[in-house]
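Participant:
Right under this line is the structure:
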């Protein structure tokens, strides 16, 4: 009979200001008010009232009765709780210090930094989180849970080097090669706890589904399913907001949870903490994760954050912004995975809503993001190694970016930086290139938007596409070499 | 005799991504003469650079350069078929002189080349059958694509409006030459059936060809817009704005439009012929139908009844492009074929 290890992801992002417009008069110390949306406070208060406070009070009672569970708090959540909901934070503090709870490690900013080519930033943010947990709760996380369970061999190496004794990730079938997720495995010599997707989704997604033949799900049925599973340990991991926010109290989710410990004991299923799983069981096999996996959607990959061109543009811009990040704080806030999730344009992800409106929502999130990243870099110019090069290479807002067109209109390719401009020069159709060349758009844009008169002068008389492309790309490389 | 212009000056050269391109200027009164002249120019040009450093492999494409292949036949040669004259003629033999001349060159090229490739298994069979190219000599190497070039972030509603179409009306796109082989007439007939179910459906036919006048007459009462030849940028706009791409070809050795539609994540209804037949998985990344109006109409209706399905098929298609049709894996296949060329 397997044991049950249950864990909760508790996170809130700083949502970006949808009405952001650059305002040079705003001082650096007030920048948060300019970049972040006012809605953050309202949302946090609502979620604290509907979920954090009632759910945590319930869980504290359960912990007192010898139930065990793990929590993973993001730093951006803790900051917001400190500001706006100290009551909820006090409850979490009780949880964190409870002998039957375990606090997991993650990145302070719930960021996608683990997907960067250079892992230094990822490691740095994990350390920041560890420090926060230590100072706030006096606990030292030993097991790691990366943002949305993002994982691959490289990330495994990093987590191991940081000294964690194990990590969570998703029990993806194609990685397990159809083996059971209910055992401990290792990846690059670090023990891995794999989430049981089906038993997790039974609570998170199917609980309210009236067309499900198991509806309504009762705690005794669920405990029986766990008991009947094969393996050593069933790992269930949930978004904490499932309690009270995604699943309203009227659905019976709180009653379900309240009865779960009793029903589990009736079936002789022990509830265990991740660190105990690592201590009690030995790995039964290894997994090899070349592609990056996560717990998102049905694809179980990074396509929820990096699946479309907008998201990829934003991601590469964010990664390249590294050289502008003398003051790293806001660069890090922009790494929170949620910003990228809002840019998604997957069918189905917006429910019944027509995909056309979904496109607009994703588009708006993307535009806001790029405006703020552009403003961040603009403000950082004077701290860079070479201000002139930094100015030409910086990210542009959608308003100043280069939109490739033809006489009949926009053709769907936009360059938000000189980097992207170079890339698109070999992608866009020849007639569009010719159109802009004849109108002098390139020279004008390079001069006015990028502020590079040297480059503008050197391409002014160039009419041949290949020669033009070579010139611009060589200049771009030259500028980067002065900035790094 | 002393030439007034040096050979070097007669040929234009261009370097793109470290590849040297040499051009020649052929002349001829008809396509066959033109290609013979081109082949002579190619060989002359080739020999200027072959002196200092001998080329290892010579790769020829289609019948146009067979005359050059003939002159250089003792080298390590490779001939790639993209189509045959028989196929371009709508799977029919012809009795006019160009047909005979061109298919003769296609046969001769396959005979003397050390190795042959075809862009699909169907074309390989066609070449083996028509020109007696032995099985062992022929590899299948599909075409490749740069998907980035065809996928664009565009507001579909805005593009549709530019063509006088309501932003939410489903738009069907045909792109290709308006010739018998490509089957635009089948699509026009199919549209008559589709319009009974989908009164708001619109069709844009892009491309030129000798069937245009005939097609426009047949489509007089249909919501079809013949936009003629369009520049690449306009193609990208339409491709990304449309809801469905239809490829009604009668013969299609490969069907590059399929890869372009998939790159733009578009659902595809295509004839169950040639490369289209090999590359599409029905109800996974597209829909294959018979090249006749009733079947085409069924396919188009099936997809348009369920718009989210068209999107899902398109996404799957894009995945397949990234897996199978990027130049990386295809370059590898070509290299493998080179290694099998025996002088």
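Chains as they are written, first to last, in the numbering used here: chain A, 1 to 484; chain B, 485 to 827. Virtual Cβ for every residue (Gly too), placed ideally from N, Cα, C. These numbers were taken from a predicted model, which means no experiment stands behind them.
Per the contact definition of three or more C-beta pairs closer than 8 Å, is the segment 615-622 of chain B in contact with the segment 797-811 of chain B?
Facilitator: Short answer: they don't touch.
Participant: Check the Cβ of residue 636 of chain B against every Cβ in chain A and list those closer than 7 Å, keeping chain order.
Facilitator: Chain A residues near residue 636 of chain B: 411, 412 and 413.
Participant: Identify, in the order they occur along the chain, each residue of the same chain with its Cβ nearer than 6 Å to the Cβ of residue 562 of chain B, setting aside the five sequence neighbours on each side.
Facilitator: These residues qualify, in order along the chain: 543, 599 and 825.
Participant: How about residue 104 of chain A and residue 141 of chain A: do their beta carbons lie closer than 8 Å?
Facilitator: It is a contact, given that the beta carbons lie within the stated cut-off.
Participant: Where residue 352 of chain A and residue 286 of chain A are concerned, what is the direct C-alpha to C-alpha distance, given to the nearest angstrom?
Facilitator: Residue placement at residue 352 of chain A is flagged as unreliable, the pLDDT there being 39, under the threshold of 50; a coordinate-derived value is accordingly withheld.
Participant: As a quick exercise: from A/448, A/59 and A/74, pick the residue whose alpha carbon is nearest that of residue 67 of chain A.
Facilitator: Closest option to residue 67 of chain A, Cα to Cα, is A/59.
Participant: For the alpha helix (DSSP H) containing residue 644 of chain B, name the first residue and the last one.
Facilitator: Residue 644 of chain B -> alpha helix (DSSP H) spans 640-646.
Participant: Hey, how far is the Cα of residue 398 of chain A from the Cα of residue 309 of chain A?
Facilitator: Distance between the alpha carbons of residue 398 of chain A and residue 309 of chain A is about 14 Å.
Participant: Tell me which residues share the same chain as residue 726 of chain B and place their Cβ nearer than 6 Å to its Cβ, disregarding the 5 neighbours each side in the sequence.
Facilitator: Closer than 6 Å at Cβ, skipping near neighbours: 655 and 657.
Participant: Quick check: what's the CA-CA separation for residue 784 of chain B versus residue 210 of chain A?
Facilitator: Distance between the alpha carbons of residue 784 of chain B and residue 210 of chain A: 34 Å.
Participant: Considering only C-alpha positions, which residue in the set A/93, A/267 and A/167 is nearest to residue 186 of chain A?
Facilitator: Looking at the Cα atoms, A/167 is the closest of the given residues.
Participant: Should the segment 529-543 of chain B be called in touch with the segment 553-570 of chain B, which here means at least 3 C-beta pairs below 8 Å?
Facilitator: A contact exists between the segment 529-543 of chain B and the segment 553-570 of chain B.
Participant: Can you find the residues in the same chain that come closer than 6 Å, C-beta to C-beta, to residue 181 of chain A, ignoring five residues on each side of it along the sequence?
Facilitator: Here the set comprises 171, 194 and 196.
Participant: Between which two residues does the beta strand (DSSP E) containing residue 239 of chain A stretch?
Facilitator: Start and end: 233-239.
Participant: Return helix, strand or coil for residue 543 of chain B, following the three-state DSSP convention.
Facilitator: In the structure shown, residue 543 of chain B sits in a strand (DSSP, three-state: E or B).
Participant: To the nearest angstrom, report how far apart residue 549 of chain B and residue 511 of chain B are at their CA atoms.
Facilitator: Their backbone Cα atoms lie some 14 Å apart in a straight line.
Participant: Give the residues of chain A in contact with residue 724 of chain B, contact being defined as C-beta atoms less than 7 Å apart.
Facilitator: The answer, in chain order, is 412.
Participant: Quick check on residue 185 of chain A: does DSSP put it in helix, strand or coil?
Facilitator: Residue 185 of chain A: strand per DSSP, three-state reduction.
Participant: Using alpha carbons as the reference points, say which of B/699, B/632, B/706 and B/532 lies closest to residue 685 of chain B.
Facilitator: Checked all of B/699, B/632, B/706 and B/532; the closest Cα to residue 685 of chain B is B/706.
Participant: Please state whether DSSP places residue 260 of chain A in a helix, a strand or coil.
Facilitator: Of the three classes helix, strand and coil, the one that applies to residue 260 of chain A here is helix, per DSSP.
Participant: For the segment 132-148 of chain A and the segment 248-257 of chain A, state whether three or more C-beta atom pairs, one from each stretch, are separated by less than 8 Å.
Facilitator: No: the two stretches stay apart, fewer than three of their Cβ pairs being nearer than 8 Å.
Participant: Strictly below 7 Å CB to CB, what residues from chain B border residue 141 of chain A?
Facilitator: Correct list: empty, because the minimum Cβ distance to chain B is about 37 Å.
Participant: Cα-Cα, which of A/367, A/484 and A/464 is closest to residue 500 of chain B?
Facilitator: Looking at the Cα atoms, A/464 is the closest of the given residues.
Participant: Leaving out the 5 sequence neighbours to the left and right, which residues in its chain are closer than 7 Å to residue 681 of chain B when beta-carbon positions are compared?
Facilitator: Taken in chain order, the residues that qualify are 785.
Participant: Give the residues of chain D in contact with residue 717 of chain B, contact being defined as C-beta atoms less than 7 Å apart.
Facilitator: In the structure shown, chain D cannot be found, because the protein chains are A and B.
Participant: Compare the C-alpha of residue 192 of chain A against each of A/46, A/219, A/174 and A/164 and name the closest.
Facilitator: Taking only the C-alpha atoms, the option nearest residue 192 of chain A is A/164.
Participant: Counting only C-beta atoms, is residue 496 of chain B closer than 8 Å to chain A at any point?
Facilitator: With 8 Å as the cut-off, residue 496 of chain B does not count as an interface residue toward chain A.
Participant: Under three-state DSSP, which class holds residue 16 of chain A?
Facilitator: Strand at residue 16 of chain A.
Participant: Using 8 Å for Cβ pairs, my map puts residue 737 of chain B next to residue 554 of chain B. What's the rounded Cβ distance?
Facilitator: With a Cβ gap of about 23 Å, residue 737 of chain B and residue 554 of chain B do not count as contacting.
Participant: Just how far apart, CA to CA, sit residue 355 of chain A and residue 69 of chain A?
Facilitator: At residue 355 of chain A, the pLDDT of 47 sits below 50, so the modelled position is not reliable; the number obtained from the coordinates is stated separately. Going by the C-alpha atoms only, they are around 39 Å apart.
Participant: So that I know if they touch, is there some Cβ in chain A lying closer than 8 Å to that of residue 645 of chain B?
Facilitator: Cβ-Cβ to chain A under 8 Å: no for residue 645 of chain B.
Participant: Closest by CA to residue 390 of chain A, which one among A/63, A/479, A/116 and A/115?
Facilitator: The residue with the shortest Cα to Cα distance from residue 390 of chain A is A/479.
Participant: Give me the residue from B/757, B/659 and B/667 with the minimum Cα distance to residue 709 of chain B.
Facilitator: The option with the nearest alpha carbon to residue 709 of chain B is B/659.
Participant: Step through the CB atoms of chain A and report whether any lies within less than 8 Å of the CB of residue 633 of chain B.
Facilitator: Yes, residue 633 of chain B counts as interfacial toward chain A.
Participant: Are the C-beta of residue 300 of chain A and some C-beta of chain B separated by less than 8 Å?
Facilitator: So, not an interface residue.
Participant: Expressed to the nearest angstrom, what Euclidean distance is found between the alpha-carbon atoms of residue 442 of chain A and residue 401 of chain A?
Facilitator: Distance between the alpha carbons of residue 442 of chain A and residue 401 of chain A is about 11 Å.
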